[in-house]
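Trainee: Pasting a structure here, questions to come.
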Amino acid sequence: WWIEQGISNEALYWKSHLDLQRDIGTRWLKAEVTDRWAYLDLCSFIAGTKAPRVLNAGSGPIVPKGLSCDGEAVPVVSVDGLAHLYWRLYDNLDLVPPQLPVQCDFEEITACFTQDYFHLIHVRNALDHAFDAPEAILQLVRALRPGGTLLLHHARNEADSMNGVGMHRWSFDVDESLGSLRCILKFRGGEWSIDLEKVLRGLASVSVGLHTRQELNVTDVDRPKFVFVTIVRH
């Protein structure tokens, strides 16, 4: 039942953003597509790479434009497990986005593409919706080429703060008890939790940071905390 409820909530959420008024929705869409990468220098992770392959996983309906690195265009493939829902939403609202996401669940990434393929994978505030977040992260890492980087950027404890409403199932948190920051995945308010470093042991290295990030259209003094995880495949 949670899947049906979550999908319904997602549809209502995005419809409310895109159908405020047709012209407002269209302007917001164009602005988001233009500004989506502004907060992070993704180019630094693929510097010196010939023909880099970049994946934006869990994109939502609004697919950001490709990257421009040192004057060179770098295409970005965007996927989402609810892409089919977003396609219908655009049709129903008579909106034409610059680009559409590809249909692919996190847990099926290596089936949609292949293993050892991408140089860089970026996930922004989306894995909290995954059916099986640990398996999804394993799939994303396996889709990386050796030496490739997976960037996970998620609001801290968002599923907990949302009380599991909609598709919010997993919370990203940090643990400092071992002397260094560790990323902890918590299922449904801490029903059980898992150390991400243990999930990826032998497969990839993991570094974790806790940051404050200024979101578009956010004016509050207290910015939300984000867990930034950088994973490099061995």
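8 is the number of the first residue of the sequence shown in our numbering; add one for each residue after it. Virtual Cβ for every residue (Gly too), placed ideally from N, Cα, C. The model shown is predicted, which means the values in this text are computed figures rather than measured ones.
Would you list the residues sitting across from Gly-216 in a DSSP beta bridge?
Mentor: Taking the sequence shown and counting its residues from 1, one reaches residue 216 at position 209. Paired residues: Phe-235.
Trainee: Could you round the C-beta distance between Leu-283 and Ile-116 to whole angstroms and report it? I think they count as a contact, below 8 Å.
Mentor: The structure shown does not extend to residue 283, since the chain is modelled only from 8 through 241, so no value can be given for it.
Trainee: Could you tell me if Lys-193 is buried or exposed, where buried requires 16 or more neighbouring beta carbons within 10 angstroms of its beta carbon?
Mentor: Against the sequence shown, residue 193 aligns to sequence position 186. Label assigned to Lys-193: buried.
Trainee: Inspect the beta-carbon positions of Leu-96 and Lys-22 and report whether they are closer than 8 Å.
Mentor: Taking the sequence shown and counting its residues from 1, the one referred to as residue 96 is at position 89. Taking the sequence shown and counting its residues from 1, the one referred to as residue 22 is at position 15. A contact, by the Cβ cut-off of 8 Å.
Trainee: With DSSP run on the structure shown, which of helix, strand or coil describes Ile-14?
Mentor: Within the sequence shown, the letter at position 7 stands for residue 14. Under the three-state reduction of DSSP, Ile-14 is assigned to helix.
Trainee: Between which residues of its own chain and Asp-202 is the CB-CB distance below 7 Å, once the five residues before and five after are set aside?
Mentor: Here residue 202 refers to the residue found at position 195 when the sequence shown is read from its first residue. Closer than 7 Å at Cβ, skipping near neighbours: Arg-189 and Ile-191.
Trainee: Excluding five sequence neighbours on each side, which residues of the same chain lie with their C-beta closer than 6 Å to the C-beta of Asn-63?
Mentor: Here the question's residue 63 lines up with position 56 in the sequence shown. Result list for Asn-63: Val-83, Ser-85 and His-129, in chain order.
Trainee: How big is the Cα-Cα spacing for Glu-204 and Phe-233?
Mentor: As a working mapping, residue 204 is identified with position 197 in the sequence shown. As a working mapping, residue 233 is identified with position 226 in the sequence shown. For Glu-204 and Phe-233, the distance between alpha carbons rounds to 18 Å.
Trainee: Got a sec? Which residues, its chain only, sit under 7 Å from Tyr-20 by beta carbon, not counting five neighbours each side?
Mentor: On the sequence shown, residue 20 is found 13 positions in, with the first residue counted as 1. Taken in chain order, the list of residues that qualify is empty.
Trainee: Assess contact between the stretch 120 to 135 and the stretch 100 to 107, defined as three or more Cβ pairs (one per stretch) separated by less than 8 Å. Is contact present?
Mentor: No, the stretch 120 to 135 does not touch the stretch 100 to 107.
Trainee: Candidates Arg-163, Glu-142, Gln-110 and Lys-72: which alpha carbon is nearest Phe-235's?
Mentor: On the sequence shown, residue 235 is found 228 positions in, with the first residue counted as 1. Answer by Cα proximity: Arg-163.
Trainee: Flag this pair as yes or no: are the beta carbons of Gly-67 and Asp-98 separated by less than 8 Å?
Mentor: To locate residue 67, count along the sequence shown from 1; it is residue 60. To locate residue 98, count along the sequence shown from 1; it is residue 91. Cβ atoms of Gly-67 and Asp-98: not closer than 8 Å.
Trainee: Residue range of the beta strand (DSSP E) that Gly-141 falls in?
Mentor: Against the sequence shown, residue 141 aligns to sequence position 134. Per the sequence presented here, residue 141 reads as Pro, with Gly not at that position. No beta strand (DSSP E) holds Pro-141; the alpha helix (DSSP H) holding it covers 140 to 149.
Trainee: Distance check for His-241 and Gly-209, CA to CA, integer angstroms please.
Mentor: Residue mapping note: residue 209 aligns to position 202 of the sequence shown, counting from 1. Residue mapping note: residue 241 aligns to position 234 of the sequence shown, counting from 1. Each residue's Cα considered, the two are about 8 Å apart.
Trainee: On the DSSP bridge assignment, give the partners of Cys-76 in chain order.
Mentor: Here residue 76 refers to the residue found at position 69 when the sequence shown is read from its first residue. Per DSSP, Glu-79.
Trainee: Assign Lys-57 to one of three DSSP states: helix, strand, or coil.
Mentor: For the purposes of this step, residue 57 is taken as the residue at position 50 of the sequence shown. Of the three classes helix, strand and coil, the one that applies to Lys-57 here is coil, per DSSP.
Trainee: Does the distance from the C-beta atom of Leu-157 to that of Leu-134 stay below 8 Å?
Mentor: As a working mapping, residue 157 is identified with position 150 in the sequence shown. As a working mapping, residue 134 is identified with position 127 in the sequence shown. Cβ distance not < 8 Å, so Leu-157 and Leu-134 don't count as in contact.
Trainee: Am I right that Pro-108 and Val-81 are in contact with their C-beta atoms under 8 Å? What's the rounded C-beta distance?
Mentor: On the sequence shown, position 101 is the one that residue 108 refers to. On the sequence shown, position 74 is the one that residue 81 refers to. That pair is no contact at about 18 Å.
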